[in-house]
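Numbering (my numbering), first residue to last: 84 to 318.
The structure appears below as structure tokens.
Here's what the structure looks like:
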């Protein structure tokens, strides 16, 4: 599917799921997609076989977080292991009212992401290079975030260990509206059988509770997301 058609289809699917993207926002998504493809010719940001399906396997996959997570205006989000800017940049385009830090330990990837953030004029997004264990010790990072978003960068146990120091302390027992995920939480997009990962993380006391939701929403049929899951962990 070429970019104009993919952009319109992305907008339609998001609209069906309560996420309204303006023509300007869809235009920014297209600029982002072209930027990722350009950078991917220089460094490995996404799998080469995913380039043709980048709109749905990467951009829509990233935006699907917003179908399930109750993100309040002004929230602070850490994109842990952002890689090529996923999920942070699509979320930043869709939700300019939130502040996002895109973190990765690989300098060449953050160089690419920083260039894309500048090109897109995402003033509420910042890019940092470093290991989560070290960055989380800083006074501007520890306990400073409402959410940690991540896409399959490590085991759930490791993600929980790295994420917990970044998150604000939880208040109350009903973090989300209805069945939606609310702050503060680690929200991970993962695939495969997660039972062993969850059991190991629970045994190690990594989190207080966890939920797993299959990513299935109006318009998702045949988009290659059938095996994907959203994991929300609370501490």
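Ideal Cβ placement from N, Cα and C applies to all residues, glycine included.
Does the beta-carbon of residue i have 16 or more other beta-carbons within 10 angstroms, so that it is buried, or is it exposed?
{"i": "residue 280", "result": "buried"}
{"i": "residue 221", "result": "exposed"}
{"i": "residue 88", "result": "exposed"}
{"i": "residue 171", "result": "buried"}
{"i": "residue 140", "result": "buried"}
{"i": "residue 131", "result": "exposed"}
{"i": "residue 304", "result": "exposed"}
{"i": "residue 265", "result": "buried"}
Can you tell me the Cβ-Cβ gap for residue i and residue j, rounded? I've got them flagged as a contact below 8 Å.
{"i": "residue 32", "j": "residue 167", "result": "Nothing in the structure corresponds to residue 32, since the chain is present only between 84 and 318."}
{"i": "residue 146", "j": "residue 177", "result": "6 Å"}
{"i": "residue 229", "j": "residue 251", "result": "6 Å"}
{"i": "residue 165", "j": "residue 187", "result": "5 Å"}
Could you tell me the alpha carbon to alpha carbon distance between residue i and residue j, rounded to whole angstroms?
{"i": "residue 204", "j": "residue 286", "result": "43 Å"}
{"i": "residue 118", "j": "residue 199", "result": "7 Å"}
{"i": "residue 102", "j": "residue 299", "result": "15 Å"}
{"i": "residue 122", "j": "residue 195", "result": "7 Å"}
{"i": "residue 246", "j": "residue 278", "result": "20 Å"}
{"i": "residue 314", "j": "residue 207", "result": "25 Å"}
{"i": "residue 318", "j": "residue 293", "result": "9 Å"}
{"i": "residue 185", "j": "residue 297", "result": "25 Å"}
{"i": "residue 155", "j": "residue 191", "result": "32 Å"}
Taking the continuous beta strand (DSSP E) assigned at residue i, which residues delimit it?
{"i": "residue 268", "result": "268-274"}
Grab the span of the alpha helix (DSSP H) containing residue i for me, first residue to last.
{"i": "residue 230", "result": "That residue, residue 230, is in no alpha helix (DSSP H); its beta strand (DSSP E) goes 230-234."}
{"i": "residue 190", "result": "190-203"}
{"i": "residue 119", "result": "106-123"}
{"i": "residue 211", "result": "First-last for residue 211: 208-212, but that is the beta strand (DSSP E), not the alpha helix (DSSP H)."}
{"i": "residue 174", "result": "171-177"}
{"i": "residue 26", "result": "This structure cannot settle anything about residue 26, because the visible part of the chain is limited to 84 through 318."}
Could you please give me the residues that DSSP links to residue i through a beta bridge?
{"i": "residue 91", "result": "Bridge partners of residue 91: none, in fact."}
{"i": "residue 162", "result": "185 and 232"}
{"i": "residue 317", "result": "292"}
{"i": "residue 287", "result": "Residue 287 pairs with nothing; no bridge assigned."}
{"i": "residue 297", "result": "312"}
{"i": "residue 250", "result": "228"}
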